[in-house]
Amino acid sequence: MMQHIDVLIAEDNLIDQKLLSAYLEEYDITHIIVDSGEEAIKILQSVTFKLLLFDISLPGINGYQLTKVVKEEMKITTPVVAITAYSIDEAKDKCFASGMNACFSKPISKIELVGMLTQFLPKEKLTSAHSRDFEVIDLSYLKEISLGDLDYEMEITNKFVETIESDLLELENSFHSKNAEQLSVVAHRTLSTIYIMGLKSKLESTLCAIEQDDLTYSELKTNLEHVYETCRAAKIEAKLFIEDLRNCKSY
């Protein structure tokens with residue numbers, strides 16, 4: 040019976056092995072590391088993988104040759120990503136010609152690696168077991184631009200929490216002091232704050248109306264109350280997301 044593992048890494052450099060392993064473990068991605076093409080071929084006879092990472096400069100059977108064996112002789116259709124010490128421009132043509140699906144260069148970047156994982160592994164593999172559904176915020180855009188970098192997601196979410204509180208306070212003060220010009224400026228600035236947490240559909244039209252300064256007092260008050268209520272709920276959920284990220288990183 041075939042064993043199923045997420046990723047096979049064929050890499051002979053010990054430091055790169057440890058780095059790749061640490062990054063994959065962070066996302067609970069099961070993996071096996073071998074340091075030669077011959078070992079990779081042997082293990083592929085008894086284990087199926089979702090993704091193959093091959094160093095192109097392996098001793099003996101190199102990454103290019105290994106890919107040809109895997110694709111043409113073993114008839115394995117699993118995506119193959121090349122790891123190269125050369126620049127991408129130098130290596131990509133040969134990588135694609137040998138049947139590889141993508142390549143990235145050393146030194147190994149966590150962001151670049153996670154981008155590859157996002158592209159080739161099932162989506163749920165990079166979703167935290169601690170993730171939850173939120174009613175107000177939408178994290179799709181943040182996750183798209185973060186490429187799975189949890190530190191980046193935490194940094195941006197913390198910044199949102201800090202900034203939105205300041206924006207709400209300024210909106211409230213501008214309203215009570217009847218400073219229409221400042222209210223318009225802050226409403227415009229708040230638009231930039233809310234996009235990262237996916238609040239565009241909930242708040243864009245309201246904030247634009249406040250910014251344009253053509254509302255009655257009653258309309259302005261109602262719109263501001265909607266902004267306060269939505270943003271404070273978003274802040275609560277953002278803090279829960281930060282808690283989820285901390286839990287995920289502690290594993």
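Per the working numbering, the sequence shown starts with residue 40, numbered consecutively.
Beta carbons: idealized from backbone N, C-alpha and C, even for Gly.
Handout entry: Endpoints, the beta strand (DSSP E) within which THR87 is located
Key = The residue labelled residue 87 in the question sits at position 48 within the sequence shown. Counting along the chain, the beta strand (DSSP E) containing THR87 begins and ends at 86 to 94.
Problem - For ILE44, the three-state DSSP class (helix, strand or coil) - result: Along the sequence shown, read from residue 1 onward, the residue named residue 44 stands at position 5. Strand, per DSSP.
Handout entry: Reduced DSSP category for SER148 - H, G, I as helix; E, B as strand; rest coil
Key = The sequence position of residue 148 within the sequence shown is 109, counting from 1. Three-state result, SER148: coil.
Handout entry: Per DSSP, the bridge partner or partners of PHE143
Key = Within the sequence shown, the letter at position 104 stands for residue 143. DSSP lists ILE122 as partners of PHE143.
Exercise for the section: Identify whether VAL73 lies in helix, strand or coil by the three-state DSSP scheme. Expected result: The sequence position of residue 73 within the sequence shown is 34, counting from 1. DSSP places VAL73 in strand when its eight states are reduced to three.
Exercise for the section: Give me the Cβ distance between MET193 and ILE281, rounded to the nearest whole Å; I'm assuming they're in contact under 8 Å. Expected result: Position 154 of the sequence shown, counted from the first residue, corresponds to residue 193. Position 242 of the sequence shown, counted from the first residue, corresponds to residue 281. MET193 to ILE281, Cβ: 6 Å. Contact.
Exercise for the section: Could you name the residues of the same chain whose beta carbon sits closer than 6 Å to that of VAL175, not counting the 5 residues immediately before and after it, in chain order? Expected result: For the purposes of this step, residue 175 is taken as the residue at position 136 of the sequence shown. Here the set comprises ALA272, ALA273 and GLU276.
Problem - Span separating the alpha-carbon of LEU210 from that of LEU181 - result: Here residue 210 is taken as the residue at index 171 of the sequence shown, counted from 1. Here residue 181 is taken as the residue at index 142 of the sequence shown, counted from 1. Near 25 Å, if we compare the C-alpha coordinates of LEU181 and LEU210.
Handout entry: Cβ contact (3+ pairs, closer than 8 Å) linking the segment 112 to 131 and the segment 86 to 94
Key = yes
Problem - Range of the contiguous alpha helix (DSSP H) that encloses ASP172 - result: For the purposes of this step, residue 172 is taken as residue 133 along the sequence shown, with counting starting at 1. Looking at the DSSP string, ASP172 is not in any alpha helix (DSSP H), and its letter there is neither H nor E.
Handout entry: Length of the line joining the Cα atoms of THR255 and PHE199
Key = In the sequence shown, residue 255 corresponds to position 216, counting from 1. In the sequence shown, residue 199 corresponds to position 160, counting from 1. C-alpha separation (whole angstroms): 30 Å.
Handout entry: Of the residues CYS270, SER213, ASP51 and ILE68, the one placed nearest THR157, counting alpha carbons only
Key = Looking up residue 157 in the sequence shown gives position 118. Taking only the C-alpha atoms, the option nearest THR157 is ILE68.
Handout entry: From ASN101, ILE127, ALA130 and ALA79, residue whose alpha carbon lies closest to that of MET113
Key = As a first step, residue 113 must be located in the sequence shown, where it is residue number 74. Here the closest residue by C-alpha is ALA79.
Practice task
For ARG107, collect the residues of the same chain with a Cβ closer than 8 Å to its Cβ; drop the 5 residues on either side in sequence, then sort them by chain order.
Solution key: Within the sequence shown, numbered from 1, the residue matching residue 107 stands at position 68. Reading off the sequence, residue 107 comes out as Lys, not Arg. Same-chain partners within the cutoff: SER137 and GLY138.
Handout entry: Option in ALA61, LEU47 and ASP51 with minimal Cα separation from LYS81
Key = Counting from 1 along the sequence shown, the entry for residue 81 is found at position 42. Minimum Cα distance to LYS81 is reached at LEU47.
Exercise for the section: Using the Cα positions of SER167 and ALA219, report the straight-line distance between them to the nearest angstrom. Expected result: Here residue 167 is taken as the residue at index 128 of the sequence shown, counted from 1. Here residue 219 is taken as the residue at index 180 of the sequence shown, counted from 1. The pLDDT assigned to SER167 is 47, lower than 50, so where the model puts this residue is not dependable; a value taken from the coordinates is nonetheless given after this. Going from the Cα of SER167 to the Cα of ALA219 covers about 44 Å.
Exercise for the section: Output yes or no for whether 7 Å exceeds the beta carbon distance between ALA49 and VAL73. Expected result: For the purposes of this step, residue 49 is identified with residue 10 of the sequence shown, where counting begins at 1. For the purposes of this step, residue 73 is identified with residue 34 of the sequence shown, where counting begins at 1. Yes, they are a contact pair.
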